[in-house]
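Numbering (our numbering), first residue to last: 20 to 637.
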């Protein structure tokens with residue numbers, strides 16, 4: 020079949036399917052892209068000719084990849100989007116979001132346009148020339164943030180490259196951003212492709228089982244433990260292992276702390292739920308974990324936030340048992356590794372331990388119950404501060420959390436909100452809470468919310484976003500209007516970068532450079548009036564309803580109205596940035612200046628040196 024290379028790519032992608040647990044579905048649901056030179060006459064023409072693969076028009080290339088990543092996450096990696104761009108800035112705009120996809124182990128296919136392969140007209144518009152290497156382009160920037168990268172210099176190369184790209188995208192171990200760099204002249208070249216290349220292909224997503232020996236060894240380790248704790252990561256959600264985890268906890272009594280990606284793996288009101296764990300963890304999870312002699316890690320990559328910079332687990336003989344599909348993650352912390360699917364592994368371990376009659380002690384159950392009760396009282400306190408004149412961020416979180424149904428989903432990514440929401444949000448299932456905290460990319464929120472909305476069949480999507488993230492990227496509000504996709508955007512206005520302002524204060528730097536204020540002529544400093552940004556007027560100008568509120572009562576009323584609205588709504592609420600949610604029983608390693616003219620910085624550096632001594636080396 021004679022086709023251009025671009026036409027062949029689109030035809031191939033349209034015939035790719037995935038299957039897991041007997042359920043089969045189309046894998047690639049469409050292509051996002053802004054057309055320019057580099058893809059308009061190639062991929063653009065191909066999409067126009069093949070309407071079976073739907074095209075979506077974003078406003079920003081980074082944003083469209085965020086949308087695609089959120090869509091993949093909400094679909095538990097079983098459906099994805101591809102993203103195409105022009106050469107140059109269109110391509111490099113995607114790099115940031117590509118890093119987010121790879122860090123979070125979420126599949127996205129990137130098809131950036133590239134320079135001319137035949138070179139005779141070089142340098143073309145937007146080409147970065149290297150005097151020592153003419154085959155380098157800005158698309159080489161994708162190499163470190165992609166799990167698979169290829170440049171297609173001949174049209175026939177896709178015959179081998181496309182199947183490899185799909186193999187990686189559908190592999191739960193290897194998945195992330197996959198980049199096929201497409202020189203603009205090659206996109207338009209024709210080749211007589213074999214017909215079988217375009218046959219329907221179903222990629223099986225396996226549930227790999229650990230060996231019987233490793234399962235028996237893991238069960239033996241668990242039975243020896245006195246105070247075991249589970250860390251539930253995103254792998255629990257992606258594996259559909261929530262039910263298996265709940266049954267495992269019901270049977271054994273082992274408590275669960277959740278990462279950002281694993282939040283909702285177990286309901287907040289489950290007797291064995293300790294809530295969030297780590298730097299942004301609950302007092303219950305962190306106090307219980309401190310003395311745990313066994314840490315059972317399920318589907319987590321054990322970031323510094325989860326381990327409190329390797330200071331959280333203080334038992335002198337603590338053992339780590341890691342259940343993970345990825346050997347790379349399973350071997351962290353010198354873990355005893357159980358390499359396999361989370362759902363299958365938990366089901367099998369539960370069967371073994373149930374038959375052996377294993378259960379944690381009555382004393383340990385009582386301690387868990389006490390710490391859990393203490394934490395619930397603390398959450399209730401934060402939710403009902405009645406701060407005036409401006410409400411606290413914790414109160415806002417509490418109100419919205421209470422307003423959500425089981426079908427609703429909240430999304431967030433950066434600033435002070437993720438830490439507070441991790442601690443406070445009361446989730447009942449894994450689809451309620453969507454946090455991008457692997458890369459924690461400002462600007463993800465609205466674009467990600469759009470991807471979630473497109474993936475959901477029911478319920479509302481609440482976008483929690485600070486004013487800093489909103490100003491960084493809000494363009495996909497227009498795209499949501501274009502696609503008739505409804506979002507409820509709650510904009511928390513604290514006049515600046517609240518999270519880093521707080522961190523700066525804690526490190527002795529007095530919040531330098533983190534407040535949205537005008538520069539004073541007399542001092543040259545950002546100490547003038549707060550910036551007069553009208554967020555509601557801005558949102559209305561993009562075609563959605565918007566309202567500004569100052570009280571919890573007005574916020575609740577506005578949420579009720581937003582639910583009734585057919586289209587999107589932005590609700591701006593001013594919060595008191597001086598009233599934050601405290602940390603609980605955990606520390607984060609942020610290096611403090613070793614020498615400084617500030618006495619406060621010098622004092623905090625001494626405290627930092629003491630804390631750092633508590634870090635584990637593995």
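Glycine included, C-beta positions come from ideal geometry on N, C-alpha and C. For clarity, every value in this text was computed on a predicted model and none was experimentally measured.
Separation of residue 242 and residue 293 (C-alpha to C-alpha, rounded to the nearest whole angstrom) is 21 angstroms. About 15 angstroms separates the beta carbons of residue 306 and residue 250, which is beyond the 8 angstroms limit, so they are not a contact pair. Counting C-beta pairs with one atom in each stretch, the segment 619–626 and the segment 537–552 have fewer than three that are closer than 8 angstroms, which means they do not touch.
For the pair residue 197 and residue 264, the CB atoms are not nearer than the 9 angstroms cut-off. Judged by their CB atoms, residue 532 and residue 525 are not nearer to each other than the 9 angstroms cut-off. Looking at the backbone, the Cα of residue 598 and that of residue 405 are separated by about 11 angstroms.
In terms of Cβ geometry, residue 259 and residue 564 do not form a close pair [threshold 9 angstroms]. Under the DSSP definition of a beta bridge, residue 338 partners with 313.
Here the alpha carbons of residue 455 and residue 484 stand approximately 12 angstroms from one another.
Counting of Cβ neighbours within 10 angstroms places residue 87 among the buried residues, the total reaching 16 or more.
Counting only runs of 3 or more residues that sit fully inside the segment 402–483, the beta strand (DSSP E) segments are 428–431 and 452–454, in chain order. Distances from the alpha-carbon of residue 506 to those of 387, 144 and 580 put 580 closest. By the neighbour-count definition (other C-beta atoms within 10 Å, threshold 16), residue 637 is an exposed residue. In the structure shown, the three-state DSSP call for residue 51 is strand. Between residue 70 and residue 474, the C-beta spacing is not below 9 angstroms.
Buried is the label assigned to residue 440, since at least 16 other Cβ atoms lie within 10 Å of its Cβ. Contact between residue 302 and residue 390 holds: CB atoms are separated by about 7 angstroms, below the 8 angstroms threshold.
By the Cβ neighbour-count rule, residue 276 is buried, with 16 or more other Cβ atoms within 10 Å of its own. Look at the segment 338–407 and you find these whole runs of alpha helix (DSSP H), each 4 residues long or longer: 346–349, 361–375 and 381–402. Taking every protein chain shown into account, the CB of residue 144 has fewer than 16 other CB atoms within 10 angstroms, so this residue is exposed. By the CB criterion at 9 angstroms, residue 354 and residue 339 fall inside the cutoff.
Checking the DSSP bridge columns, you'll see residue 534 partnered with 515. By the criterion of a C-beta distance shorter than 8 angstroms, residue 137 is surrounded in its chain by 204, once the five residues flanking it on both sides are discounted. Residue 179 sits exposed, since fewer than 16 C-beta atoms from the chains shown fall within 10 Å of its C-beta. Using a C-beta cut-off of 8 angstroms, the segment 375–395 makes contact with the segment 267–274, since at least three inter-stretch Cβ pairs fall below that distance. Taking 9 angstroms as the cut-off, the Cβ atoms of residue 164 and residue 114 count as close.
Residue 589 places its beta carbon 9 angstroms or farther from that of residue 513. Note that the C-beta distance between residue 443 and residue 402 is below 9 angstroms.
Under the DSSP assignment, residue 267 falls in the alpha helix (DSSP H) whose first and last residues are 261–271. Distance from the CA atom of residue 148 to the CA atom of residue 118, rounded to whole angstroms, is 24 angstroms. If you ignore the 5 residues before and after residue 313, its C-beta comes within less than 6 angstroms of the C-beta of 244, 247 and 338, all in its own chain and listed in chain order. With a cutoff of 9 angstroms on beta-carbon distance, residue 188 and residue 31 are scored as not near each other. Scanning the segment 164–211 for uninterrupted alpha helix (DSSP H) segments of 4 residues or longer gives 177–188 and 203–206, listed from N- to C-terminal end. A Cβ-Cβ contact shorter than 9 angstroms links residue 131 with residue 58.
The criterion of a C-beta distance shorter than 9 angstroms is satisfied by residue 635 and residue 352. Shown here, residue 85 sits in a helix according to DSSP, grouped into three states.
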